[in-house]
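Line order of the protein sequences matches chains A and B. Take the numbering used here: the final residue in the first sequence is number 871, and no numbers are missing along the way. Take the numbering used here: the final residue in the second sequence is number 266, and no numbers are missing along the way. Working notes for the structure below.
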Amino acid sequence: MASNGDWARVEELFHEALQLDAAERGDYLRRACSGDETLRREVESLVTSYESQQSFIERPALSLGMKVISEGRRESLAGRTIGHYKILRPLGRGGMGEVYLAEDTRLEREVALKFLANRFFDDEWAREQLTKEARAVAKLQHENICAVHGIEELGGHDFIVMQYAEGETLGELMRRAPLPTGRAIDLAEQMAKALAAAHARGVVHRDIKPHNVVVTPEGQAKVLDFGLAKFVRREEELAGALADPSQTSTAGLVIGTVAYMSPEQVRAEEVDARTDIFSFGIVLYEMVCGANPFAREGVEEILRAIKEDEPAPPAEHLTGAREALRRVALRCLEKERGRRFQTAGQLLEALREVPRADERASAPGLVGRRKFVLAVVALLLVACATLAFYFRRPTTHALAVMPFANETGDEGVDYLSEGLTQNMTRELGQLSELRVRPPHAVAEYSRERGGAGNFDAAQAARDLGVESVLVGKLVRRGDALMLDVALVKADAGTWLWEQSFAVRTAEVLTLQEQLTRQVAEALRLSLPGDDAQKLARRPTDNPEALRLYMLGQYYWTRRDQTNIRTAIANFERAVELDPLFAQAHAALADSYVFLPTVAFGTERTSDMIAKARAAAKRAVEIDNLLCEAHTSLGVIMLRYDWDWTGAEAEFRKAIELKPDSAPAHYWYSQLLMITGRADESLRVSETHRTLDPFSPPAALNVARAHYFAREYGRAVEVCREVLAKHPDSESGLYILGLALWHQGRGREAVETLERLHAKNPLYASAALGHVYGRSGRTNDALAVLAWLDRQPEGQPVPALERAIIYIGLGDMDKAFAHLEKAYAERFSSLISIKVEPLFDDLRADPRFLDLARRMDL
Amino acid sequence: MSSPSDITGLLHAWRGGDAAALDELMPLVERELHRIASRYMGHESPGHTLQTTALVNEAYLRLIRQRNVEWQNRAHFFAIAAQIMRRILLNYARDQHREKRGGRAVQVSLSEACVMTAERSSGLLALDAALNRLEELDARKSRVVELRFFGGLSVEETAEVLEVAPVTVMRDWRMAKAWLAREIGDGK
């Protein structure tokens with residue numbers, strides 16, 4: 015693409031070229047571009063593009079837009095406030111329009127708002143009708159009817175305010191598992207009661223179907239949308255469906271609408287209370303037999319079946335109560351209205367006659383009393399089940415936050431999608447009832463599948479061994495940046511909740527808090543005092559500081575010299591804006607520690623460490639309860655201060671604060687390794703690996719623990735597993751090479767280390783030189799030493815590398831000289847001397863004992 | 079319902095670059111557009127290009143007449159309508175795209191479903207992304223496309239909104255078309 019400066023020139027030439035005949039253009043452009051091939055190609059490709067796409071976007075999309083508008087599709091209103099309604103999240107979309115969960119801030123209760131597609135307000139007559147209907151429905155006060163509170167016209171929106179019934183729809187319930195007989199009877203009775211109450215007020219539902227019945231967690235059925243169906247022009251839709259045979263792809267959607275219609279509706283005749291009874295019959299039949307009796311291929315066939323066919327017999331022979339229920343359903347399903355139950359009251363009577371338990375069905379005389387007893391038993395069972403539901407809360411719930419995808423097409427907000435993923439992982443990690451998979455594990459999983467968004471959420475949950483996953487993506491809608499998130503359960507991929515949040519950098523904190531609360535609510539986790547407090551403790555109140563922090567994190571994860579420097583600059587700016595931003599101080603400390611590793615020679619390690627120490631201490635001072643702060647401080651104590659007790663205290667504190675912190679476990683295991691506490695180090699590194707299951711460093715850390723514990727076979731095993739998946743893992747090759755060597759498999763060891771050498775000569779040098787020396791390949795070992803000497807000034811003085819090679823060559827004096835040098839420089843890798851098998855030949859030497867004593871090892 | 083003076087205030091805020099004001103204006107304009115659209119579009123056979131600009135014009139006149147709103151001029155209204163159209167179509171295309179990719183089945187009425195084919199929806203998504211990139215390169219060209227393609231404005235009307243000469247609009251249009259077509263083609 016042309017840079018901004020060239021753009022004007024490209025445009026000029028483009029227009030000039032268009033003026034010319036096609037034949038003259040080539041010459042003209044060659045002349046005009048005078049050798050600038052990039053420019054010429056750019057203009058030429060634009061001209062070609064223009065010529066070959068004459069009709070492109072020539073026809074305005076306006077008429078398409080008008081069509082969409084006229085169908086009443088709207089944008090998500092989530093997050094908006096309309097009048098005194100704060101819109102929380104979408105609940106679904108029905109024939110009339112979108113339904114949202116909202117908070118009525120005046121009455122402080124949750125309500126469902128059904129936004130009406132504007133076509134209902136086209137003319138005054140329709141509007142009046144709907145208002146009248148809503149008024150009638152509002153009078154229906156019944157526990158099995160979802161109450162209508164009113165109808166509103168606010169801020170350009172028209173909507174019906176309804177009771178919010180939490181639970182699953184009967185449709186979802188049936189799809190998940192067949193309903194037990196007792197449950198089916200119970201729900202059927204509740205629905206019949208709802209119909210009876212509505213019909214008594216002259217309100218016909220017109221659209222009874224499993225998706226219009228919500229079953230609350232307590233087992234109460236609530237019928238939705240009484241009387242509203244008549245405002246949906248279903249007949250028109252149907253006519254459209256039948257007229258246009260290309261609609262096969264949407265047939266499934268139509269079927270949901272037509273599959274519960276009555277014959278009179280199919281024939282577009284007048285409806286009455288008995289219409290609802292027919293539809294109820296289909297629902298009941300489905301509850302009992304497991305399938306819609308008029309299920310057919312295609313809309314037309316369904317409609318015909320409703321008019322003409324007898325209900326399909328059940329797949330298996332039914333007995334007892336189920337057969338009795340089926341007979342009730344059959345009575346409802348009479349084609350002729352006069353032969354059905356005439357009222358919902360009669361229907362209810364018939365349902366009450368159904369024996370409650372199969373084996374007692376045929377005991378006349380006793381039925382009455384038994385029925386009572388059984389009803390009580392059934393009630394108790396329901397009560398127990400309900401109680402069990404409330405008490406059988408798992409102590410913890412395992413969750414993974416999948417990397418949010420950036421679907422805006424704008425790489426500039428990558429840091430937001432990544433940062434929000436990380437922040438949400440962290441925020442949710444604060445909840446004590448939640449075990450959140452560490453980001454590395456999840457990121458690795460997602461990477462293996464080609465990146466965010468390229469995996470099936472429910473499958474991911476199962477693969478990661480969690481009960482649910484939070485998935486999300488950043489999208490741009492118009493000017494707004496939105497984060498669409500959903501919580502998906504592992505079993506059957508049920509969507510527990512989804513919501514769209516506006517992402518404004520100034521409000522990222524609020525967004526995260528909202529999101530955390532929503533997740534907790536969706537998972538029915540309690541937010542006890544402590545957690546609520548943790549939630550309330552914001553990392554910073556300064557949105558810009560948070561933005562810079564997230565930006566810094568983004569660069570920090572891409573660890574090369576430039577990125578680490580950019581990360582540092584962002585973190586520094588963040589703590590400048592908010593000096594009390596503990597996490598940013600901790601992140602700054604980590605970056606300072608890391609910089610010398612990637613920026614050899616350009617920074618003095620001691621300077622960086624001094625800065626890192628100050629930042630880590632500041633972080634702990636500000637927030638003594640911040641796991642990351644203690645980890646950062648511990649790392650400095652471990653690697654540079656060689657203060658083993660201090661470091662251990664920090665790591666233990668960090669783990670106590672956040673028992674699933676992967677970094678804290680990683681560093682703690684390092685400490686245990688180098689102090690020679692092999693068993694503990696193995697245990698902690700294994701814990702680390704379970705916290706971070708897909709991470710190669712985590713697995714290799716286990717290998718390292720085995721290696722230091724001299725369990726070479728195990729170390730080799732783990733390294734091979736990692737290398738099978740990540741053949742380029744340098745640490746993998748390093749540990750594998752040395753473990754093989756100590757197993758006595760010299761040839762394989764040399765091969766492995768030579769492979770490493772080809773990738774990273776400096777990293778391989780010590781081990782390879784040592785092994786060469788030991789195998790009698792003195793010249794090769796010396797060549798490695800010579801290569802180290804040739805490294806330019808400014809590289810870290812590889813004193814430890816030299817020492818290790820000299821040990822291989824058997825020159826212990828030189829080895830000690832270099833070890834002392836490494837000691838004087840406080841070279842961080844020296845801390846492994848107590849356990850590193852490469853030093854085994856020196857252990858008896860008093861000079862070594864003295865060094866170890868000085869290092870308190 | 080917002081009062082006319084609210085709307086005037088919102089319009090001023092929007093002119094001043096307040097994106098939130100646009101959010102508030104949207105439902106008002108959209109609703110007006112809707113009243114008109116539903117009356118006419120219902121009778122329109124698919125594929126037939128009705129004089130949709132005439133419909134937008136009618137929506138504009140109604141808003142003036144009924145609400146006594148101080149719209150700066152017709153072009154001003156059209157500019158908003160174009161943005162609304164873009165947003166609506168994009169969201170719609172995204173929904174379609176998501177459903178196609180195996181997201182959850184969402185209940186869509188039939189007449190809606192026949193509006194936009196899958197190809198069309200992914201084409202729109204690609205166009206939108208390309209337009210955003212063009213905006214960074216040359217904001218005015220991106221606006222020209224928005225007004226003409228999404229708003230259905232003529233060259234003259236576009237010139238009026240952007241306060242430039244019609245010949246400039248034409249030049250912008252050609253260049254933008256060439257650039258966008260290539261950009262979208264490359265992405266395939």
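We put the CB at the ideal spot given by N, CA and C, even for glycine. Every value quoted in this text rests on a predicted model; they were computed, and no experiment measured them.
Establish whether the CB of alanine 282 of chain A and some CB of chain B are separated by less than 7 Å.
Not closer than 7 Å to any Cβ of chain B, the Cβ of alanine 282 of chain A fails to qualify, so no.
So the alpha helix (DSSP H) tryptophan 681 of chain A belongs to, where does it begin and stop?
Start and end: 676-688.
What does a CB cutoff of less than 8 Å around alanine 92 of chain A pick up in its chain, not counting 5 residues either side in sequence?
Ile101, Leu102, Arg103, Pro104, Tyr114, Gln513, Ser514 and Phe515, listed in sequence order.
How would you write the range of the beta strand (DSSP E) that serine 514 of chain A sits in, first residue to last?
Start and end: 509-516.
Counting along the chain, where does the alpha helix (DSSP H) carrying lysine 625 of chain A start and finish?
Note, lysine 625 of chain A: alpha helix (DSSP H), 619-636.
DSSP on glutamate 65 of chain A, reduced to helix/strand/coil?
If DSSP states are grouped into helix, strand and coil, glutamate 65 of chain A belongs with the helices.
Measure from the C-beta of glutamate 350 of chain A to each C-beta in chain B and report whether the shortest distance is under 7 Å.
It does not; no Cβ of chain B falls within 7 Å.
Would you mind telling me which residues of chain B sit closer than 7 Å to glutamate 25 of chain A, beta carbon to beta carbon, in chain order?
Those are Met253, listed as they occur along chain B.
Quick check: is the beta carbon of alanine 259 of chain B nearer than 7 Å to any beta carbon in chain A?
It does; some Cβ of chain A falls within 7 Å.
What residues in the stretch 218-230 of chain B bring their beta carbon closer than 8 Å to a beta carbon of chain A?
Hits within the stretch, in order: Val223, Arg226, Phe227, Phe228, Gly229 and Gly230.
Taking 7 Å as the CB-CB cut-off, is threonine 246 of chain B touching chain A?
Chain A contact via Cβ: absent.
Using the Cα positions of proline 553 of chain A and leucine 523 of chain A, report the straight-line distance between them to the nearest angstrom.
Rounded to whole angstroms, proline 553 of chain A to leucine 523 of chain A spans 9 Å at the Cα level.
With respect to the beta strand (DSSP E) encompassing aspartate 498 of chain A, which residues constitute its N-terminal and C-terminal limits?
Looking at the DSSP string, the run of the beta strand (DSSP E) that includes aspartate 498 of chain A is 494-503.
Distance check for alanine 472 of chain A and glutamine 532 of chain A, CA to CA, integer angstroms please.
Cα to Cα, the separation comes out at about 19 Å.
Measure the alpha-carbon distance for alanine 800 of chain A versus alanine 866 of chain A and round it to whole angstroms.
Going by the C-alpha atoms only, they are around 29 Å apart.
For aspartate 41 of chain A, count the other beta carbons within 10 Å of its own beta carbon; 16 or more makes it buried, fewer makes it exposed. Which is it?
Answer is exposed; the Cβ neighbour count stays below 16.
Measuring straight from C-alpha to C-alpha, what distance separates isoleucine 669 of chain A and alanine 692 of chain A?
Their Cα atoms are separated by approximately 19 Å.
Taking all protein chains shown into account, decide if asparagine 793 of chain A is buried (16 or more other Cβ within 10 angstroms of its Cβ) or exposed.
Asparagine 793 of chain A should be labelled exposed.
May I ask which residues mark the beginning and end of the beta strand (DSSP E) holding alanine 449 of chain A?
Note that residue 449 of chain A corresponds to arginine in the displayed sequence, not to alanine. That run of the beta strand (DSSP E) goes 448-450.
Ordered along the chain, which non-local residues of its own chain (more than five positions away) have a Cβ less than 7 Å from that of arginine 840 of chain A?
The answer, listed in chain order, is Tyr654.
Beta-carbon of isoleucine 158 of chain B versus every beta-carbon of chain A: anything under 7 Å?
It does not: the Cβ of isoleucine 158 of chain B has no partner Cβ on chain A nearer than 7 Å.
Against leucine 212 of chain B, what residues of chain E qualify as contacts under a CB-to-CB distance less than 7 Å, listed in chain order?
Judged by its chain identifiers, the structure shown contains no chain E, and its protein chains are A and B.
Write down the C-beta distance between valine 175 of chain A and histidine 163 of chain A rounded to the nearest angstrom, noting that I regard them as a contact closer than 8 Å.
Indeed, because the Cβ distance is near 4 Å, the residues count as touching under 8 Å.
Could you tell me the distance, in whole angstroms, from the CA atom of aspartate 216 of chain B to the CA atom of phenylalanine 227 of chain B?
Approximately 17 Å, taken between the alpha carbons.
Note down the Cα distance separating threonine 246 of chain B from glutamate 234 of chain B, rounded to an integer number of angstroms.
Approximately 10 Å between the Cα atoms of the pair.
Are there 16 or more other CB atoms within 10 angstroms of the CB of glutamine 33 of chain A, so buried, or fewer, so exposed?
Counting Cβ neighbours within 10 Å, glutamine 33 of chain A comes out exposed, since fewer than 16 surround it.
Out of curiosity, what's the CA-to-CA distance linking aspartate 706 of chain A and glutamate 447 of chain A?
Cα-Cα distance, rounded: 19 Å.
Are valine 280 of chain A and lysine 223 of chain A touching if we call contact CB-CB under 7 Å?
No, the Cβ-Cβ distance between valine 280 of chain A and lysine 223 of chain A is not below 7 Å.
Among residues of its own chain, excluding the 5 on either side of leucine 478 of chain A, which ones have a beta-carbon nearer than 8 Å to its beta-carbon?
Around leucine 478 of chain A: Ala414, Arg451, Ala455, Val456, Tyr459 and Pro707.
Name, please, each residue of chain B whose Cβ falls closer than 8 Å to the Cβ of histidine 29 of chain A.
Neighbours of histidine 29 of chain A on chain B, chain order: Arg249, Arg252 and Met253.
Rounded to whole angstroms, what's the CA-CA distance from glycine 304 of chain A to valine 698 of chain A? Just pull it up for me.
Taking the straight line joining both Cα atoms gives about 51 Å.
Which residue or residues does DSSP assign as beta-bridge partners of valine 483 of chain A?
A:Ala414 and A:Val502, per the DSSP bridge assignment.
Got a sec, what are the start and stop residues for the beta strand (DSSP E) phenylalanine 585 of chain A sits in?
Taken as a continuous stretch (DSSP letters only), phenylalanine 585 of chain A belongs to no beta strand (DSSP E), being part of the alpha helix (DSSP H) at 575-591.
Restricting to Cα atoms, I'd like to know which of A:Arg724, A:Arg761 and A:Pro677 is closest to threonine 701 of chain A.
When each option's Cα is compared against that of threonine 701 of chain A, the closest is A:Pro677.
Which residue from A:Ile291, A:Asp470 and A:Gly352 puts its Cα closest to that of methionine 416 of chain A?
Here the closest residue by C-alpha is A:Asp470.
Which residue wins for smallest C-alpha separation from leucine 362 of chain A, given the options A:Val342, A:Ile818 and A:Phe418?
Closest option to leucine 362 of chain A, Cα to Cα, is A:Val342.
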